[in-house]
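Undergrad: Got a structure here, written out as structure tokens. Questions coming.
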Amino acid sequence: MAGYKPVAIQTYPILGEKITQDTLYWNNYKTPVQIKEFGAVSKVDFSPQPPYNYAVTASSRIHIYGRYSQEPIKTFSRFKDTAYCATYRQDGRLLVAGSEDGGVQLFDITGRAPLRQFEGHTKAVHTVDFTADKYHVVSGADDYTVKLWDIPNSKEILTFKEHSDYVRCGCASKLNPDLFVTGW
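Residue numbers for the sequence shown follow our numbering, so the first one is 1 and each next one is one higher.
Given below as structure tokens:
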């Protein structure tokens, strides 16, 4: 039998993951946290002030979750039916939300019961927001109306009836207290 010459198999170094500033940045993040809610989530709103908690509006409740713990810190459940669109005021101290029964409720985030209840819409209120002056609330509903409410007096100031369909979205300007936009 003839002899053979062994073939040398070349080996190459195994390259590890190239470590860049981007790699270090993204590796600092943990896996996402998934929180189960017992109904459709209509809005998630972050507090504009520290500790930057966030409010989740789902079913007939508003849950305020801690930024780091991802656990509910507070729950507002004073709704007869579905709650919609919980929104923080610019100072992070008040929260306003609409509801399926046509009401608008204003909450102090340190309390449990609503500070104010605005009654005037005849159908579900899907959008609410604070105006830039912090003393008024704008709400839009399925009754084709948009209403402007005065917080200190708990009164309706204006009703706009220009819509020809449900009012499902809206936003108040953060700079001009007299400017807001609504749509369907």
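Glycine included, every Cβ here is placed at the ideal spot set by N, Cα and C.
(1) Would you kindly check if the distance between the Cβ of C85 and the Cβ of S154 is under 9 Å?
(2) Mind checking which residues open and close the beta strand (DSSP E) that includes T87?
(3) What is the DSSP secondary structure of Y65, reduced to helix, strand or coil?
(4) Quick check on the burial criterion: 16 or more other C-beta atoms within 10 angstroms. Buried or exposed for N53?
(5) Is it buried or exposed, W26, if we count other Cβ atoms within 10 angstroms and call 16 or more buried?
(6) Which residues in the same chain have their Cβ closer than 7 Å to the Cβ of P51, if we skip the five residues on either side of it in sequence?
(7) Could you please give the first and the last residue of the uninterrupted beta strand (DSSP E) stretch that includes T57?
TA: On the basis of the data shown:
(1) no
(2) 83 to 88
(3) strand
(4) buried
(5) exposed
(6) R67
(7) 54 to 58
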